[in-house]
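Student: One structure follows; several queries about it will come next.
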Amino acid sequence: HTPVPDYHLLSVKDYAFMSIQVSRGCPFNCDFCEITSLLGHKVRMQPAPKVIETLETLYQLNWRGPVSVVDDNFIGNKKEVKYHLLPAMKKWMQEHNYPFSFNIQSSINLADDDEMLTLMTETGFNSTFIGIETPDEDTLQACNKHQNEHRNLLESVKKIQQAGFNVSGGFIVGFDSDNETVFQRQADFIQKSGIVSAMVGLLNAPKNTQLYHRLKKENRLTVEATGNNTDSSMNFVPKMNFNDLISGYKSLIRNLYESRPFYQRTRQFMMNYRKNRVKNNNISIAQLRAVVRLILIIGILNKGRTEFWKFLFWTLFRRPALLVDALTFTAYGHHFRIIYGLDK
2 HTPVPDYHLL
12 SVKDYAFMSI
22 QVSRGCPFNC
32 DFCEITSLLG
42 HKVRMQPAPK
52 VIETLETLYQ
62 LNWRGPVSVV
72 DDNFIGNKKE
82 VKYHLLPAMK
92 KWMQEHNYPF
102 SFNIQSSINL
112 ADDDEMLTLM
122 TETGFNSTFI
132 GIETPDEDTL
142 QACNKHQNEH
152 RNLLESVKKI
162 QQAGFNVSGG
172 FIVGFDSDNE
182 TVFQRQADFI
192 QKSGIVSAMV
202 GLLNAPKNTQ
212 LYHRLKKENR
222 LTVEATGNNT
232 DSSMNFVPKM
242 NFNDLISGYK
252 SLIRNLYESR
262 PFYQRTRQFM
272 MNYRKNRVKN
282 NNISIAQLRA
292 VVRLILIIGI
302 LNKGRTEFWK
312 FLFWTLFRRP
322 ALLVDALTFT
332 AYGHHFRIIY
342 GLDK
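Whatever position you read off the sequence shown (first residue = 1), add 1 for this note's numbering.
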């Protein structure tokens, strides 16, 4: 019964994305995640007509562009999404000439449903964030990430990419079972997967999670979690030597986001990716200005400019239809290098 947000209060032209929410809750039980303690296991969904009303509101405000579905797991109730919500959204998008594209967060089991993948890309979904956490099966089992167990994670990621999704991934180091070899295993997996935006962080224990309660019993908690797992801080004493953990974490970031490995990984994605055919690729004047600025900053002034031009020419010869995507990814890489202090 939640009303449609009053988007009229916004000046939509000042935003890069609009956001909607269609569900709350998650059916899974990862021990480090606070979603279920906050929102529960039962997934409650907005009825499809209410979601369509929300889209219509944005459309009437002349929004045209990306829409982020901010649900913690868009496919938490797969039956409702597949058989009610997606058909309604697809019909509305067709009738309005595909004014939006959609990005989501989902679990890896999205790869298990070919029909849903097709329906989503036909509706305009083209990007998803997935919590992969680690390629180590024992660690996945220990942290209750059961939806990621007993599957080939690389093949699952590639299948989603081939369906037309840019897959971003969440990864964590600092689990009790991690040792000094985990950093290279994480780097190898991420490079092979072609996950351009790999969000790698240190494990923290948010309050009221299963992990928090276990560490409290073990007297290993130190401070409250900051909510930022990329600031090189932890709120508990890890099993691995802390200095070794921080050193390995920083090395992992360098191995992912320095220019050469970043562009290698992006090429891997672009070889896996099958572009979403319903995506609107009209280029605006503002986007053209952004391209000129991007080329100036990354292609001329930046120390990684040689790798930038090699990547750009590779794209022109191997995947020219993805040129706009390629330029977008170069901006991603530049952003991450600034965040992690790699462009100094």
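For each residue, glycine too, the CB sits at the ideal point set by N, CA and C.
1. To the nearest angstrom, how far is the alpha carbon of LEU56 from that of SER69?
2. Output the distance between the C-alpha atoms of ASN104 and LEU323, rounded to the nearest integer angstrom.
3. Counting C-beta neighbours from all protein chains within 10 Å, is the total for GLU308 16 or more, i.e. buried, or is it exposed?
4. Mark SER233 as exposed unless 16 or more other C-beta atoms lie within 10 angstroms of its C-beta, in which case mark it buried.
5. From GLN195 to LEU62, what distance separates their C-alpha atoms?
6. Counting pairs of Cβ atoms below 8 Å between the segment 182 to 201 and the segment 257 to 271, do you hit three or more?
7. Quick check: the Cα distance between PRO28 and PHE172, rounded to an integer number of angstroms?
8. Taking contact to mean at least 3 C-beta pairs separated by less than 8 Å, is the segment 74 to 92 in contact with the segment 115 to 124?
9. To the nearest angstrom, how far is it from the Cα of ILE286 to the Cα of GLY175?
10. Quick one: is ASN242 buried, meaning 16 or more other Cβ sit within 10 Å of its Cβ, or exposed?
11. Can you have a look at LEU141 and say buried or exposed, based on whether 16 or more other CB atoms are within 10 angstroms of its CB?
12. In whole angstroms, what is the alpha-carbon distance linking SER157 and MET121?
13. Spatial neighbours of LEU328 within its chain, please: CB distance less than 7 Å, with the 5 preceding and 5 following residues excluded, ordered by chain position.
14. DSSP on GLU116, reduced to helix/strand/coil?
15. Are ASP72 and THR210 touching if we call contact CB-CB under 8 Å?
16. Compare the C-alpha of GLN269 against each of ASN98, VAL168 and ASN277 and name the closest.
17. Can you round the beta-carbon distance between ASN74 and GLN106 to whole angstroms, since I take them to be within the 8 Å contact cut?
18. Between LEU111 and THR129, how many whole angstroms is the CB-CB distance? I'm expecting something under 8 Å.
19. Would you call TYR274 buried or exposed, if buried means 16 or more other Cβ atoms sit within 10 Å of its Cβ?
20. To the nearest angstrom, how far is it from the Cα of LYS240 to the Cα of ASP177?
21. Which residue comes first and which comes last in the alpha helix (DSSP H) that contains PHE318?
22. Note down, one range per segment and in chain order, each beta strand (DSSP E) of at least 3 residues found wholly within the segment 88 to 132.
23. Could you check the C-alpha separation between GLY125 and GLU219 for me, to the nearest Å?
24. Name the one or two DSSP bridge partners that SER12 has.
Tutor: Result, derived from the coordinates:
1. 12 Å
2. 18 Å
3. buried
4. exposed
5. Here residue 195 is Gly; the residue named in the question, Gln, does not match the sequence. One C-alpha to the other measures close to 36 Å.
6. yes
7. 20 Å
8. yes
9. So the alpha carbons of these two residues sit roughly 45 Å apart.
10. exposed
11. buried
12. 16 Å
13. Residues of the same chain with a CB within less than 7 Å of the CB of LEU328, apart from the 5 flanking positions on each side, are VAL292 and LEU295 in chain order.
14. helix
15. Against a cut-off of 8 Å, the Cβ pair of THR210 and ASP72 comes out as no contact.
16. VAL168
17. The Cβ separation is near 6 Å, so the contact holds.
18. 7 Å
19. With 16 or more Cβ atoms within 10 Å of its Cβ, TYR274 is classed as buried.
20. 5 Å
21. That run of the alpha helix (DSSP H) goes 306 to 319.
22. 101 to 107
23. Between the alpha carbons of GLY125 and GLU219 lies a gap of roughly 47 Å.
24. Residue pairing for SER12: DSSP places it in no beta bridge.
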